[in-house]
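S.K.: All letters in the sequence shown, in the order written, are residues 572 to 1260 by our numbering.
Here it is, the structure, as structure tokens.
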Amino acid sequence: MSKHSAEPISMFDARIMGPALIESFKKLDPRELWRNPVMLCVEIASIITLVTFVRSLTGANLEPAWFTGLVSAWLWLTVIFSTFAEALAEGRGKARAASLRKSRTEVSAQRLKKPEFGSPAETVPAESLRKGDYILVEAPATIAGDGDVVAGAALVNESAVTGESAPVIRESGGDRSAVTGGTEVIANAIIVRITANPGETFLDRMISLIEGAKRRKTPNEVALEVLLIALTLVFLLVCINISPLSVYSVKAAGHGTPVSLTILVALFVCLAPTTIAALLPAIGIAGMDRLFQKNVIALSGRAIEAAGDVNVLLLDKTGTITLGNREAVEFVPVGGHTEKELAEAALIASLSDETPEGRSVVALARKKHGLTLDSLPAGAENVAFSADTRLSGVDTGGTKYRKGAADSTIAFVKALGASAIPANLSDVVDRIARGGATPLVVSRDAEIFGVINLKDIVKAGIQERFLQLRSMGIKTVMITGDNPLTAAAIAAEAQVDDFLAQAKPEDKLKLIKEYQENGFMVAMTGDGTNDAPALAQADVAVAMNTGTQPAREAANIIDLDSNPTKLLDIVEVGKQILMTRGNLTTFSISNDIAKYFAIIPAMLLSIYPQLGVLNVMHLATPMSAILSAVIFNAVIIPMLVPLALKGTKFRPMPAEKLLIHNLLLYGVGGMIAPFIGIKAIDLAVGLFA
């Protein structure tokens, strides 16, 4: 498989434009268009003007056939431009899905009888695997389906899903056991329990989601649609009443002609909020596509829009704020021993320790002191860590090397006859603990050599991202199972606004409910099974792709890069969607002011010549005025398609300033643009008249 981000798809890619144009005509079917009531009304208006045009050819109407024909043609183009904008947005997602689908390869799997190495295996196609099956994956091989590692550890290349070239470790237990079908094991071997049936895998869900035009409407989208329908009904009633009013006025004035059906239809279409109604479906679809370009999969448009209103973000510490595995960063000798003596003892005690922490001790000893020992002598006995002793180490040649918690190591050396404990040990242990790290005491027989500083490594650049979130008015809260001392140190280093220490799953859930009860919109990022209840409760739940299956199932957004600060991008896209809708609505409604000055004088000038003073644009004739307004009403839609697909640029500024900025740009701009556009079109119409 290849990376989904390998081939960028431009806004107007030729591979998308052709199919989108064909799809735009298919969407003219009223059974499709009824989901957009405003544009359905425009289509009905187009049909009416088409019938009027046919009648004009027979001389049955007052207006010439060229006028009714052009009005009808531009009304049809208005509808087509609307369906084209939606089809173009859908096409971009479908093109990405097609790219993913082509990248899939036929994969076979080694299905095991029992979930253990050495168990009999049979070769089966990936399509025959079912939830609960166990498979053996040995390097080099492709993982045949989504699952959890139940035995072993392996280096996995996930670039096919995440686009990230650096391989990652997947191992049994903990929060890094989830694997995705289609990724490749490039070192070692693992046993995987399949967690999804064919057609239900993560990649299958990705493909269906990014094709995802058939999503449910969000509350904001529904509210805006209700507003648009209400405005459309108001303008419809106005236009219906103008006809009898014009007939009465002609009789009363004794001159002039009543307003024709063609002109009434043109007035209705121009005054109805067709611009935003035409672009509304494309805005939401494009938002999901923009997130996908950032390697984030939104399971619903509702989740993206909720992200635009988020003001509290809860982050799980391990694997989210920190890298997830503690690393040895320092050797601190005690009792007169040298750092090299401590490093040698720590190296021997850790050589058989396959945990990430144990491997980091070995790496630090080799890097800092050039130690070359890479295997234990024959006959050496590994002492595995246990919850009872809280120690691990090696017995070799009658010598006992141990590393573990301070109190456990002290008890161990005393049991071996230690006469005294180094005086400075307590101070070193306390200093490391106050710094938010874990002190690991190292001993050889009855003598303590010093302390290993095991530190949670905060992800690079996370402080700057939290600063950006703060500037957007979002409060960050770290939640962790660590003690308050360690939690406070990590929170200070990461620069979060608050933290919750010693948090159990029910504590996380309670905290989210408290914020929600106080009127906050809460987002949470997490990757562990213990995060799943809180993720399910949060308004916006972002699961790390490296996380466990329960965490991913509880979330409504999945970050393929497993970068918790990606929520900043999610929030920006959410705000872009909300702002784009608001700005284009403002622009659409503001357009009507110029159209009043164009159409109202033109349609009633024969009855009330005094209305000529309202022709401030000095449009040539009543017919050219009406035609110019209809053309402008149509062409403004494709002109705004790039903005609808790209979204309004988010500016991190106070809400009041942002409102004023957008009102000036889209409100005042929406009033001025039609005056210029309609006048320019009128001049062009005059050249061909």
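Where is the CB? At the ideal position from N, CA and C, for every residue including glycine.
These figures come from a predicted structure and were not determined experimentally.
1. Evaluate Asn1134 with the Cβ neighbour count: other Cβ atoms within 10 Å of its Cβ, from every protein chain shown; 16 or more gives buried, anything less gives exposed.
2. Closer than 8 Å is the cut-off here; do at least three beta carbon pairs connect the segment 900–910 with the segment 1008–1027?
3. Could you check if Asp1098 is buried or exposed, using at least 16 other CB atoms within 10 Å of its CB as the buried criterion?
4. Check whether the segment 1039–1052 and the segment 1065–1082 touch, using three or more Cβ-Cβ pairs below 8 Å as the test.
5. Among all the DSSP beta bridges, which residues are the ones paired with Ile1243?
6. In whole angstroms, give me the CA-to-CA distance for Ile813 and Met859.
7. Hey, would you say Phe1091 sits closer than 9 Å to Asn882, going by beta carbons?
8. From which residue to which residue does the beta strand (DSSP E) around Ala914 run?
9. Would you give the residue range spanned by the beta strand (DSSP E) that Ile1128 belongs to?
10. Could you tell me the boundaries of the beta strand (DSSP E) in which Ile554 lies?
11. Would you say Ser921 faces chain C, with C-beta separation under 9 Å as the test?
12. I'd like the list of long-range same chain contacts for Arg787, defined as Cβ closer than 6 Å, with 5 residues on each side in sequence excluded.
13. Give the secondary structure of Met1115 by DSSP, where H, G and I count as helix, E and B as strand, and everything else as coil.
14. Beta carbon of Ala1114, beta carbon of Asp1102: below 9 Å?
15. Take every Cβ of the segment 636–649, pair it with every Cβ of the segment 586–596, and state whether three or more of those distances are shorter than 8 Å.
16. First and last residue of the alpha helix (DSSP H) that includes Ser1161?
17. Closest to Pro829 by C-alpha separation, out of Gly855, Ala837, Arg897, Leu1175, would be which residue?
18. What does DSSP give as the partner residue(s) for Ile761 in the beta ladder?
19. For Tyr972, which of helix, strand or coil comes out of DSSP?
20. Met1210 by DSSP, collapsed to three states: which one?
21. On the three-pair Cβ rule with 8 Å, is the segment 651–660 touching the segment 1205–1214?
22. Cα separation between Ala1062 and Met1049?
23. Just to confirm, are Ser1199 and Leu1185 a CB contact at a threshold of 9 Å?
24. Is Arg1222 helix, strand or coil by DSSP?
25. At what residues does the alpha helix (DSSP H) containing Pro608 begin and finish?
26. According to DSSP, is Glu693 part of a helix, a strand, or is it coil?
27. Quick check on this structure: which residue in Val750, Ala724, Phe688 has the alpha carbon closest to the alpha carbon of Asp1261?
28. Could you give the DSSP three-state label for Asp966: helix, strand or coil?
29. Going by other Cβ atoms of all chains shown within 10 Å of its Cβ, with 16 needed for buried, is Arg1123 buried or exposed?
30. Is the beta carbon of Gly1145 sitting closer than 9 Å to the one on Ala878?
31. Excluding five sequence neighbours on each side, which residues of the same chain lie with their C-beta closer than 7 Å to the C-beta of Phe624?
32. Please go through the same chain and pick out, in chain order, the residues whose beta-carbon is closer than 8 Å to the beta-carbon of Ile1321, but skip the five residues on each side of it.
33. In the DSSP assignment, the alpha helix (DSSP H) including Gln1034 goes from what residue to what residue?
34. How is the alpha helix (DSSP H) around Gln1108 delimited, first residue to last?
35. Does the separation of the CB atoms of Phe863 and Phe839 fall below 9 Å?
36. Compute the Euclidean distance between the alpha carbons of Ala784 and Ile856, then round it to the nearest angstrom.
M.R.: By the coordinates alone:
1. As a first step, residue 1134 is located in the sequence shown; it is residue number 563 there, counting from the start. Buried, by the Cβ-count rule.
2. yes
3. Taking the first residue of the sequence shown as 1, we reach residue 1098 at position 527. Per the 10 Å Cβ criterion, buried.
4. yes
5. If you number the sequence shown from 1, residue 1243 lands on position 672. Ile1243 is not bridged to any residue.
6. By 1-based counting over the sequence shown, the position of residue 813 is 242. By 1-based counting over the sequence shown, the position of residue 859 is 288. Using only the alpha carbons, I get a separation of about 43 Å.
7. What you label residue 1091 is simply residue 520 of the sequence shown in a count that begins at 1. What you label residue 882 is simply residue 311 of the sequence shown in a count that begins at 1. In contact: Phe1091 and Asn882 (Cβ atoms closer than 9 Å).
8. The sequence position of residue 914 within the sequence shown is 343, counting from 1. First-last for Ala914: 910–921, but that is the alpha helix (DSSP H), not the beta strand (DSSP E).
9. By 1-based counting over the sequence shown, the position of residue 1128 is 557. Per DSSP, Ile1128 belongs to the beta strand (DSSP E) from 1128–1130.
10. Residue 554 is absent from the structure shown; the chain starts at 572 and stops at 1260.
11. In summary, chain C is missing from the structure at hand, where a single protein chain is found.
12. The residue labelled residue 787 in the question sits at position 216 within the sequence shown. Note that Arg787 has pLDDT 47, beneath the 50 cutoff, so the model's placement of it is unreliable and the number below is only indicative. Within the same chain, Arg787 has no close Cβ partners at all.
13. Looking up residue 1115 in the sequence shown gives position 544. Correct three-state label for Met1115: strand.
14. Counted from its first residue, the sequence shown places residue 1114 at position 543. Counted from its first residue, the sequence shown places residue 1102 at position 531. Contact flag set, yes.
15. no
16. What you label residue 1161 is simply residue 590 of the sequence shown in a count that begins at 1. 1138–1175 is the span of the alpha helix (DSSP H), which, as asked, contains Ser1161.
17. On the sequence shown, position 258 is the one that residue 829 refers to. Minimum Cα distance to Pro829 is reached at Leu1175.
18. Here residue 761 corresponds to residue number 190 of the sequence shown, with the count starting at 1. For Ile761, which the question treats as bridged, DSSP gives the partners Val708, Gly723.
19. In the sequence shown, residue 972 corresponds to position 401, counting from 1. Of the three classes helix, strand and coil, the one that applies to Tyr972 here is strand, per DSSP.
20. Numbered from 1 along the sequence shown, position 639 holds the residue referred to as residue 1210. Helix, per DSSP.
21. yes
22. As a working mapping, residue 1062 is identified with position 491 in the sequence shown. As a working mapping, residue 1049 is identified with position 478 in the sequence shown. Ala1062 and Met1049: Cα-Cα distance of roughly 7 Å.
23. For the purposes of this step, residue 1199 is taken as residue 628 along the sequence shown, with counting starting at 1. For the purposes of this step, residue 1185 is taken as residue 614 along the sequence shown, with counting starting at 1. Taking 9 Å as the Cβ cut-off, Ser1199 and Leu1185 do not qualify as a contacting pair.
24. On the sequence shown, position 651 is the one that residue 1222 refers to. The answer is coil: DSSP assigns Arg1222 none of H, G, I, E or B.
25. Position 37 of the sequence shown, counted from the start, is the residue given in the question as residue 608. Note, Pro608: alpha helix (DSSP H), 608–628.
26. By one-based count along the sequence shown, residue 693 stands at place 122. Glu693 falls in the strand class under three-state DSSP.
27. The requested residue 1261 is not part of the displayed model; the chain covers only 572 to 1260.
28. Residue mapping note: residue 966 aligns to position 395 of the sequence shown, counting from 1. Three-state DSSP puts Asp966 in a strand.
29. Position 552 of the sequence shown, counting from 1, holds the residue named residue 1123. Arg1123 is buried by the Cβ-count criterion.
30. Here residue 1145 refers to the residue found at position 574 when the sequence shown is read from its first residue. Here residue 878 refers to the residue found at position 307 when the sequence shown is read from its first residue. Cβ distance < 9 Å, so Gly1145 and Ala878 count as in contact.
31. Translated into positions along the sequence shown, residue 624 becomes position 53. The answer, listed in chain order, is Ala636, Thr639, Gly640, Ser643.
32. Outside the shown range of the chain (572 to 1260) lies residue 1321, about which nothing can therefore be said.
33. Position 463 of the sequence shown, counting from 1, holds the residue named residue 1034. Gln1034 -> alpha helix (DSSP H) spans 1033–1042.
34. By one-based count along the sequence shown, residue 1108 stands at place 537. Its alpha helix (DSSP H) spans residues 1103–1108.
35. As a working note, residue 863 is residue 292 in the sequence shown. As a working note, residue 839 is residue 268 in the sequence shown. Result no, Cβ atoms of Phe863 and Phe839 do not sit closer than 9 Å.
36. Start at 1 with the first residue of the sequence shown, and residue 784 comes out as number 213. Start at 1 with the first residue of the sequence shown, and residue 856 comes out as number 285. Per-residue confidence for Ala784 stands at a pLDDT of 37, beneath the threshold of 50, marking its modelled position as unreliable; no derived number is given.
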